[in-house]
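Student:
8 protein chains.
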Amino acid sequence: MDKNKLQIILQNLYDQKLSPDEVINQLATLPYENLDFAKIDHHRPLRNGYAEVVYGKGKTADQLVAIIQSLYKAKSDILVTKLAHKAYENIQQELPPGCIYDNISLTLVSKKKKVNKLGHIVIVSAGTADMPIAEEARITSEFFGSKAEKLFDVGVAGIHRLLEKINVLREARVIIVIAGMDGALASVVGGLVSSPVIAVPTSIGYGASFNGVSALLAMLNSCASGVATVNIDNGFGAGCIAHKINILGEKNNH
Amino acid sequence: MDKNKLQIILQNLYDQKLSPDEVINQLATLPYENLDFAKIDHHRPLRNGYAEVVYGKGKTADQLVAIIQSLYKAKSDILVTKLAHKAYENIQQELPPGCIYDNISLTLVSKKKKVNKLGHIVIVSAGTADMPIAEEARITSEFFGSKAEKLFDVGVAGIHRLLEKINVLREARVIIVIAGMDGALASVVGGLVSSPVIAVPTSIGYGASFNGVSALLAMLNSCASGVATVNIDNGFGAGCIAHKINILGEKNNH
Amino acid sequence: MDKNKLQIILQNLYDQKLSPDEVINQLATLPYENLDFAKIDHHRPLRNGYAEVVYGKGKTADQLVAIIQSLYKAKSDILVTKLAHKAYENIQQELPPGCIYDNISLTLVSKKKKVNKLGHIVIVSAGTADMPIAEEARITSEFFGSKAEKLFDVGVAGIHRLLEKINVLREARVIIVIAGMDGALASVVGGLVSSPVIAVPTSIGYGASFNGVSALLAMLNSCASGVATVNIDNGFGAGCIAHKINILGEKNNH
Amino acid sequence: MDKNKLQIILQNLYDQKLSPDEVINQLATLPYENLDFAKIDHHRPLRNGYAEVVYGKGKTADQLVAIIQSLYKAKSDILVTKLAHKAYENIQQELPPGCIYDNISLTLVSKKKKVNKLGHIVIVSAGTADMPIAEEARITSEFFGSKAEKLFDVGVAGIHRLLEKINVLREARVIIVIAGMDGALASVVGGLVSSPVIAVPTSIGYGASFNGVSALLAMLNSCASGVATVNIDNGFGAGCIAHKINILGEKNNH
Amino acid sequence: MDKNKLQIILQNLYDQKLSPDEVINQLATLPYENLDFAKIDHHRPLRNGYAEVVYGKGKTADQLVAIIQSLYKAKSDILVTKLAHKAYENIQQELPPGCIYDNISLTLVSKKKKVNKLGHIVIVSAGTADMPIAEEARITSEFFGSKAEKLFDVGVAGIHRLLEKINVLREARVIIVIAGMDGALASVVGGLVSSPVIAVPTSIGYGASFNGVSALLAMLNSCASGVATVNIDNGFGAGCIAHKINILGEKNNH
Amino acid sequence: MDKNKLQIILQNLYDQKLSPDEVINQLATLPYENLDFAKIDHHRPLRNGYAEVVYGKGKTADQLVAIIQSLYKAKSDILVTKLAHKAYENIQQELPPGCIYDNISLTLVSKKKKVNKLGHIVIVSAGTADMPIAEEARITSEFFGSKAEKLFDVGVAGIHRLLEKINVLREARVIIVIAGMDGALASVVGGLVSSPVIAVPTSIGYGASFNGVSALLAMLNSCASGVATVNIDNGFGAGCIAHKINILGEKNNH
Amino acid sequence: MDKNKLQIILQNLYDQKLSPDEVINQLATLPYENLDFAKIDHHRPLRNGYAEVVYGKGKTADQLVAIIQSLYKAKSDILVTKLAHKAYENIQQELPPGCIYDNISLTLVSKKKKVNKLGHIVIVSAGTADMPIAEEARITSEFFGSKAEKLFDVGVAGIHRLLEKINVLREARVIIVIAGMDGALASVVGGLVSSPVIAVPTSIGYGASFNGVSALLAMLNSCASGVATVNIDNGFGAGCIAHKINILGEKNNH
Amino acid sequence: MDKNKLQIILQNLYDQKLSPDEVINQLATLPYENLDFAKIDHHRPLRNGYAEVVYGKGKTADQLVAIIQSLYKAKSDILVTKLAHKAYENIQQELPPGCIYDNISLTLVSKKKKVNKLGHIVIVSAGTADMPIAEEARITSEFFGSKAEKLFDVGVAGIHRLLEKINVLREARVIIVIAGMDGALASVVGGLVSSPVIAVPTSIGYGASFNGVSALLAMLNSCASGVATVNIDNGFGAGCIAHKINILGEKNNH
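Protein chains in written order, with this note's numbering: chain Y, 22 to 275; chain D, 22 to 275; chain U, 22 to 275; chain C, 22 to 275; chain W, 22 to 275; chain B, 22 to 275; chain G, 22 to 275; chain L, 22 to 275.
1) What residues in the segment 219-236 of chain D have a beta carbon less than 7 angstroms from any beta carbon of chain W?
2) Could you check the C-alpha separation between Lys24/W and Leu127/D for me, to the nearest Å?
3) Looking only at its own chain, which residues have a Cβ that is under 8 angstroms from the Cβ of Pro153/B, when we skip the five neighbours before and after it?
4) Quick one: measure Cβ to Cβ for Ala158/Y and Ile199/Y, integer angstroms, because I've assumed they're closer than 8 angstroms.
5) Name, in chain order, the residues that DSSP records as bridge partners for Thr250/Y.
6) Pick out the complete alpha helix (DSSP H) segments inside the segment 139-201 of chain C, 4 residues or longer, and give them in chain order.
7) Relative to the C-alpha of Ile265/W, which candidate in Asn111/B, Ile196/B, Lys103/B and Glu163/B has its C-alpha closest?
8) Below 8 angstroms, is the gap between the Cβ of Ile88/G and the nearest heavy atom of the ligand ZN?
9) Using a C-beta cutoff of 9 angstroms, does Phe164/W count as contacting chain B?
10) What's the C-alpha gap between Val175/D and Ile180/B?
11) At least one CB of chain L closer than 9 angstroms to the CB of Ile262/B: is that the case?
12) Is the distance from the Cβ of Gly247/W to the Cβ of Gly211/W below 9 angstroms?
13) Give the residues of chain G in contact with Asn188/C, contact being defined as C-beta atoms less than 9 angstroms apart.
14) Measuring straight from C-alpha to C-alpha, what distance separates Pro117/B and Val75/B?
15) Give me the Cα-Cα distance between Leu183/B and Ser208/B, rounded to the nearest whole angstrom.
16) Roughly how far, in whole angstroms, is the beta-carbon of Asn242/D from the beta-carbon of Asp203/B, given that I think they are within contact range, below 8 angstroms?
17) Does any residue of chain Y bring its CB to less than 9 angstroms from the CB of Asp203/G?
18) Within 9 angstroms of any Cβ in chain W, is that where the Cβ of Thr149/D sits?
19) Taking 7 angstroms as the limit between beta carbons, can you name the residues of its chain near Gly119/G, skipping five residues before and five after?
20) I need the DSSP call for Pro52/D, collapsed to helix, strand or coil.
21) Buried or exposed for Thr250/B, please, with buried defined as at least 16 other CB atoms from any protein chain shown within 10 angstroms of its CB.
22) Compute the Euclidean distance between the alpha carbons of Ala155/C and Val143/C, then round it to the nearest angstrom.
23) Do the CB positions of Thr149/L and Gly260/L come within less than 9 angstroms of each other?
24) Quick check: the Cα distance between Tyr227/W and Ala263/C, rounded to an integer number of angstroms?
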């Protein structure tokens, strides 16, 4: 039932064409969507006002173009993740103006207007091979409106590279740590700072890294407190929750 | 908001103390529970009218007694599953009258009145060691009101035992197959009948049975069609879905 | 021994050329197939009268064409599952008339004549990426003769989409739930309805979804009762057992 | 080298008993701890000013008493986690005054003085069996200074229980979701709110729950964005990072 | 239908009270067991003439005594495997005369009369910790009638111990290799002989031996040909198939 | 040291040019190969007299041609396994005369002269998709000199197909059972016969078959005794040990 | 054949009672042990001269006492590992004089005479819970004759504790790193030093640490080069290989 | 802060423009890198003086060329590992002079000047399929300056091949053992020598070898002491730690 239908029922009650009991019965059998406009109001700031995120993997070129065009017409900001090079080439000609493809992070972004980036996320990655996921996290958090600083290639095998940048780490409101192989960077960073750390295991490594399982387990078992983990290679998920944490600070300034 | 509060709002609208728009705004901000009595009405036949099921494992004696007493006072039928011998002994003195404990299946049952059992479930088990789970499935399905026939100890290592009983299998509306180790019984039964088969892997076996994983995987990969699987040792779950399938036939007779 | 041979033996007995004891000895050493025509009679309604199902994966073009042609000549209905685009293209020219290929579910269907679809299966899927498996389940259950309704793209991340359709769910005789990633949809649907639920984990997801293992485990561990699970991506298996459950209602009307 | 030694070197330089180059050489060979008092200054607010946390498992009674006495003398707040009933009984007589043991969450707490709890964490749990971990999370976050609200026993098998409390969820700054078995609660909550969600899988369940692996995988693969996961049964870890997120809001008010 | 019933039908045909077609119809609807006496005849030599084997684990004292007494009355040889010390003590008083319990292999044996042991099985084990399984294999194969020679404690860490005994190995008709940890003994023995090798992984080891999985995988992947593997700790299974292989030689002497 | 060198030393001793103590010292430092001609004598019948087996996978065309040519020149019989179509095409032109490639089992065979096949192996497979491995087992066992009979496509989903052939099974000296998915065929066959059964899991199946792990576990956990298992898809290994078992009978005839 | 027998043969040859050919034939059929005294000579320094190591777990009190007494009589040094408290108490009365039990590392040591410890092993552990394994490694390496220094409780969660001791690390010839949970310490230490690092994962941790698997995988995937890993909780193994590495330096001084 | 900045501060102190206390305050807030030139001095011999190692996998042609050119200009020795054939072809034209590509081990090496190889590493491999990893280990250890001897194709299935070379093994200072499948070679070699053994599991094998997991587990569980393991296929890692062990001997000669 849409809002109009609800209005008609209530108008009928107001006009005393229906009794309160009759209306209660009608409402009792209504599906949930009757009041759904209320729920949508709460959701919109997160879901529509900001942007729509499209998971690019496993969608055909036609599906991707249709979704992107539809979002573009709705004047929505657009973020497509995990859009492989080939997939981008297939749809490149049919994209609306203003779409920017990043061939490292495999993301496609379209923003209606520039906004001031808020707060301070630091994105730390262990090696150059982790860069695609690190960039996906950065672009995601910036897309939602967070300020994000990069601290790449500071894996623990040469820990002096990380220690030199300890001030950068300590100024962050929230830190994203991205590492494959032994995932040790999350524990080391978590031990150096008091801010919350979101760890992203990557599928980098060989042999018994099992496509990221070794890093995932290490991060889940981090001996540092204040570390929570997202799925393997889930740079988007890390960027998303880091943004949500980051803006907590902002919201409370007002 | 409870039903009373909704009645007051609507009465106010009927009495024209509130306008339809004001009521829409009030409803829009109501939590879901406003209409929850409707949902509960649909749920009650399944959840309350029939019986309440209590998972006995990991609850203290005090918690168990409190829950059982409360159900007894509500004149509800009661089924407690996975109630270990020791746990039963601890609460035995404080149980309401009429509770029957079965020390094979580790279930405790209290039924207000006898009802005619409906339909026809056949419960097939591979070995004597599977009996606790098989009995749990039987007692569960009978508790909900299904007729259940036992066909125990007919594992495929001596397949003539099963083939002799093929008529019993073919008369069932739904079959529960319970086996550990290689779980092969589910595939063999599934190949002999056209009725749906619910497979229950058990944690019986040693070494690479991995507490039921070998049987679980075999059942999920059954080369016979018409087989679906529940969790390892989940005799209750099998009895529950088998009952739901079994009564489909009954309901449609009317 | 075929039926003729049995007839000869029995005729000899009737003609008193053999004694009963001699016949018993002959029968005792007969292989099982002596009585196989009886078994086949019981099986035929399920296996031949209805249709033949061919698993398309891993068969060469020649094998596929040979099987399909043979079924076509036997005037059998035909369902080929998991027939990849390329495999279809290879055999397309040599298919008998009336074969319809569905390039989402990767199924090929040939039905001799339209039949009224019976009962009511609802097929619920979490995301667009689950559509191939959901369509495979739908086409399978319709192929066998069930009526199947789609409720796609109602994953729990936006649970209002599912709650809006609760009436559709509650009218189903049996529900198939198809989801990858966290597989949470099976538990949520299982908690909303009293009908049996067949859960199909899909290999959708990345990282620690392990090609469907995360969804499989979640479904096997569903906290809702009345849920049984088939293999990962096994839309055919779900459609098959759902049909068997669905027609239980039908059969009992007569 | 302690601070005194550094002072002597520098005084010598100031007194021109050493040249700058000589001092550089001496500093170059100093271990890191030379400047460690600086690092400790930064660390203290987190580690000492607040409290000390002791992991109770696997320590002998003697070790536990020694650590707790030492913290007590240092006038530190104390939190001991995973302190089994028996372990508590063994040390009970030798504890300093003011220690409170909670026999559900297996925590021991000693706070020097009451402080105003800040912000708003909501702790959601699926079933009664998850309560020990949920209480561990609550006590941890309150120990560090956060306000924490309980929303227990709202698993998705009866989703109306959760939906009725949606306003409670939406008012939280950060939410901790605690569930075993299918872990579906994290995805459902994550889909209902825009605040960050910390998910804690518990080892509750049987068979293929594999002591929490099924819930862990489901949570890592949550189809809702904004969810990060800690280790199985790690209520302390969840309480810790939730507190760190929660106080971000507080800090920015000033 | 038992044999009598079949006799009556056939007598009726012989007496021409039934026509051949009527008898065919009756036989067509008979369950499989009609001819089962034939099948049983083939099975008896293996199953009854020799001995009965009882899996002792998970059976109550009452069940064990009942089974053993019943076998004793049927004058059957008896082998009980995996009978724990405590379980044996519980039933010791009620055992029939002549039962011998072996507290290393946890087997209980009762043989009616001594028979000449046939052929030549060699049982090779890696360490003293593998002895319970090695003895179970030896007792099993001797129980069935094979001659079995022990070659214990010859693990590959000191390979000279094994090489010294190469003549013993080469005289065997079939070899059972029993090892935990790295399971390397199976490959080394398999490379030294041309007879078939049955490998038994044991759950001996710690850490990443995963209760025998490391040895199991090593044995399945043996780089020597002619090695087949049974389940972890399945000394009985190895003794059983080794006996079946061993007597192949015997049978062909006649 | 070769035999000649040993002869020289001993001749010197015989000629009293060396003392016994000097010879002991020389022998003590000799590597093992001094006596290796003895070992080689025992090995030759198995390794050279019969044939050489080359694992075709992962070798370059050049390596394959070199090995095959070298064996051909040594007048050895040749068996190459797992030789992919493409790999065969690459070397086809350079093969010596008489090589026969089988494009189902991916084997290449060259036999110098026909020999009478001995004994009786029966190779049972579950489905058509298992045929490559079943054929590899058949060709391997025939290559070594065993008689092998095929019983293909008799999976347990239609168990009458298997039961009809029970006499074929019972006449075998050793049976190879090849199945993927649920691996149930090994248990069913193992329960029907008293001869040893070698089980080969195949990587056939999808989803939770995990490339043969489900079948492997089911076979290792077979509830029938007398079953041992080789590696997934290891048709060669099964053919090899089955031949070794089969010829035990032959050898003892003499 | 023992040395005497060889001497007799050779004496006979020297005495020309046997011809060289006769001796060759006798030697050719000798088992390997003929020359085994040579091999034993090389082995003795490692195996007997030094000490004997007994794995204490899973041996009965009688077996342990017998082995220890026998070693004591042979005047051998003795090391028993993994000797649980209870096991020690059971044998305590029957031990020879001079045995020292360490109830942290669960080792029992008996050394005939003090020797100068050589070289320099540093044993680094992450937390107090890792101490039993760290002490086992220390006692093992000292037992064999290495000098071992402890650097305990320097886990990466507070990395300043480790960095303060960097000079200790850099002076080591070989380092043993012992850590559970995330195992990150191995990577950090490996990045700080140029000496070889032996990593020992411990079964410390909970949830997804899977009894040491998380630490094991992290260590195998260490992003620092120069790290090799032993089994979970294998402090003995680490002490053993570290000693072998450590004495390489010593040996080359001469 | 770079060295200059430190010099200025100290000069100011020397010039009494700053007091010692002011300098202490400034130093206390300095990041770690202040003293980093010291750390670099210690590191350089390992990291720069010797060579730079580049992990070739997953880097683009542009990235590889840039890194190699930069190292070349810095007059550094260069080792690139895991450089696939195709990747090499893409950059071949743009490589600086003197680069040598090895298409078995997939390594690219550029050495400024020949140096005497030191010590003695023996590299043992099981089969020809392990050669790429064995060669990677050899080239790595030689690149760093060790002498390395090959002992290839000596798997335990024909153990005489290994025993013949026992003297080669016993002369090594450290041994690298490379094997896939059952990984048994590591245990056998470990039992024959007293020098440290570094084991490298390879992903060679099929079915249940799980891409090297079977060999990895076998090696971790080696029943021989003195064996430590690196990651699957990590020939570089083995070569690196073996070199570090090997040169321990060298260093102590001086």
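Glycine included, every Cβ here is placed at the ideal spot set by N, Cα and C. The structure displayed is predicted, hence computed values, not measured ones.
Tutor: So, to answer that:
1) If the cut-off is 7 angstroms between Cβ atoms, the segment 219-236 of chain D has Tyr227, Gly228 and Ala229 near chain W.
2) Any reading at Lys24/W needs caution, since the residue's pLDDT is 47, under 50, leaving its predicted position unreliable; the model's value is listed next. Going by the C-alpha atoms only, they are around 41 angstroms apart.
3) If you ignore the 5 residues before and after Pro153/B, its C-beta comes within less than 8 angstroms of the C-beta of Ile125, Ser126, Leu127 and Gly256, all in its own chain and listed in chain order.
4) 7 angstroms
5) Ala220/Y and Thr250/C
6) 152-165, 181-184 and 187-191
7) Ile is not the amino acid found at residue 265/W; the sequence shown has Lys there. It is Ile196/B whose Cα lies nearest to the Cα of Lys265/W.
8) No copy of the ligand ZN occurs in the structure displayed, which carries no ligand at all.
9) no
10) 15 angstroms
11) no
12) yes
13) The contacting residues do not exist; Asn188/C stays about 32 angstroms from chain G at best.
14) 15 angstroms
15) 13 angstroms
16) Sure, about 5 angstroms apart at Cβ, within 8 angstroms.
17) The beta carbon of Asp203/G falls within 9 angstroms of a beta carbon belonging to chain Y, placing the residue at that interface.
18) yes
19) Ser131
20) Summary for Pro52/D: the model assigns pLDDT 36, below 50, so the residue's position carries little reliability; its value from the coordinates is reported in the next sentence. If DSSP states are grouped into helix, strand and coil, Pro52/D belongs with coil.
21) buried
22) So the two alpha carbons sit approximately 10 angstroms from each other.
23) no
24) Computed Cα separation, rounded: 37 angstroms.
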